[in-house]
Amino acid sequence: MTSTALYDVPGPLTRRRHFVYGLVSTAVILALLGWILYLLFDTNQFTAAKWRPFEYEGIQELLLRGLGNTLKAFAYAAVLSLALGGLLACGRLSVHRPLRWVATLVVEFFRAMPVLVMIFFIFVALKVQPLPALVTGLTLYNGSVLAEVFRTGVNSVERGQREAAYSLGMYKTQVMSYVLVPQALRAMLPTIISQLVVALKDTSLGFLITYEEFLHAGKLIAGNLNYDLPFIPVVMIISPIYIGMCMLLSWFANWVSKRQKRNPKTEAVEVADAEPGTLLPGVGPQV
0 MTSTALYDVP GPLTRRRHFV YGLVSTAVIL ALLGWILYLL FDTNQFTAAK
50 WRPFEYEGIQ ELLLRGLGNT LKAFAYAAVL SLALGGLLAC GRLSVHRPLR
100 WVATLVVEFF RAMPVLVMIF FIFVALKVQP LPALVTGLTL YNGSVLAEVF
150 RTGVNSVERG QREAAYSLGM YKTQVMSYVL VPQALRAMLP TIISQLVVAL
200 KDTSLGFLIT YEEFLHAGKL IAGNLNYDLP FIPVVMIISP IYIGMCMLLS
250 WFANWVSKRQ KRNPKTEAVE VADAEPGTLL PGVGPQV
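Numbering-wise, numbering that gives the first Met the number 0 puts 100 at position 101 of the sequence shown, and it's gapless, one number per residue.
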């Protein structure tokens, strides 16, 4: 282990103290998990009556249908949010002041509005169907947030890159497409994926407007008296699936990042060493 600018190499006493802290923390976490399991067993959450519903084909189809509806809403919202975010970011980066003001007003308004309020307004006031209402609310909010992510990412690229591209005679569209956006994408990617994870989790708000998504299906099962109100079993089934989908998005982000690093367009080009007699283009041999 080597020292860095953030910390020095810990000595023997510090390493021993950190080891003790680790043991104590592990013991506390295990004790907390044991206490939770004790409460679950004590309240009869693992009885056969509460878990039997998941053996029925009807319940399984209900959960799968809800999961499919959740993924459908997320797919629509993710694509539309990225498109809206890119459009609003272009408006905020525009050199035309009126366009920049309008884009700024839209972004700040929808960023400040609670997602649930927008979904309810679209569903109740505009009388839109549950799926379009949910997707529209998620798109307006997440698209506004992503617009700021895109704008900040583009502005974070070193100013010299922009000036060098303009000095080569590139138009603004070319500078954005070939110089700024590819460099900013690496910095923006973790934040973009994080916002998409937020969009995925917010699809659960659909059950409040009777959209039959994954959480809505779980609510129907958990509130059924015939199954002894299996609320905790439903949570233990649904939660790992939501966590797994979020982890899958994170894995996808890491995969895309590694692919970018291996992309030949982003790798350095090897240049042969100069040798005696090598001529520059347009230069004739010396007499």
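All C-beta atoms in this analysis are idealised placements derived from N, C-alpha and C, irrespective of residue type, glycine included.
Please read these numbers as outputs of a predicted model, since none were measured by experiment.
query                                                                                                                       : result
Residue nearest to Leu63 in terms of C-alpha spacing, selected from Glu211, Leu81 and Ser176                                : Glu211
Residue environment, Ile208, which counts as buried when at least 16 other CB atoms sit within 10 Å                         : buried
Test item: CB-CB of Val121 and Thr103 under 8 Å                                                                             : Note on residue identity: the sequence assigns Ile, not Val, to residue 121. Not a contact, by the Cβ cut-off of 8 Å.
Within-8 Å CB hit, Val106 to chain D                                                                                        : Absent here is chain D; the protein component of the structure consists of one chain.
Between the CA atoms of Ala216 and Gly65 - distance to the nearest angstrom                                                 : 6 Å
Closer than 7 Å: Val123 CB and nearest the ligand FAD heavy atom                                                            : In the structure shown, the ligand FAD is absent, as is every other ligand, since no ligand is present at all.
Ile240 beta carbon less than 8 Å from that of Ile58                                                                         : no
Complete beta strand (DSSP E) runs within the region 159-208 (minimum length 3 residues, chain order)                       : none
Close Cβ partners of Gln44 (< 6 Å) along its chain, the five nearest in sequence each way excluded                          : Ile231
Cβ neighbours of Met187 in the same chain (closer than 6 Å, five flanking residues each side left out)                      : Val148 and Gly152
Three-state secondary structure assigned by DSSP to His17                                                                   : helix
Member of Leu137, Val196, Pro9 and Glu162 whose CA lies at the smallest distance from the CA of Val178                      : Glu162
Exposure of Leu31, with buried meaning 16 or more beta-carbon neighbours within 10 Å                                        : exposed
Burial state of Gln194 (16 or more Cβ within 10 Å)                                                                          : buried
Buried versus exposed, by CB contacts within 10 Å (16 or more), Gly84                                                       : buried
Rounded Cβ spacing between Phe73 and Ala198 (contact assumed at less than 8 Å)                                              : 6 Å
Under 8 Å between C-beta atoms of Val114 and Leu137                                                                         : yes
Whole-angstrom distance between Trp254 and Gly10, CA atom to CA atom                                                        : 37 Å
Cα-Cα separation, Arg185 to Leu247                                                                                          : 19 Å
Selection from Ser203, Met244 and Ile192 that minimises the alpha carbon distance to Val78                                  : Ile192
Status (buried if at least 16 other CB within 10 Å, exposed otherwise) for Thr265                                           : The predicted model places Thr265 with a pLDDT of 47, which falls under 50 and marks its position as unreliable; any figure quoted below should be read in that light. Flag for Thr265 reads exposed.
Residue environment, Gly33, which counts as buried when at least 16 other CB atoms sit within 10 Å                          : exposed
Own chain, CB closer than 8 Å to Arg110, minus 5 neighbours either side, in chain order                                     : Tyr140, Ser143, Val144 and Glu147
For His95 and Lys171, the rounded distance between their alpha carbons                                                      : 13 Å
Helix, strand or coil at His95 [DSSP, three-state]                                                                          : coil
Chain-order list of residues whose beta-carbon lies under 8 Å from that of Leu61 (same chain, five-residue window excluded) : Ala216, Leu219 and Ile220
Secondary structure of Glu157, DSSP reduced to three states                                                                 : coil
CA-to-CA distance, Pro229 to Leu204, given in whole angstroms                                                               : 21 Å
C-alpha distance - Leu92 paired with Met117, whole-angstrom precision                                                       : 26 Å
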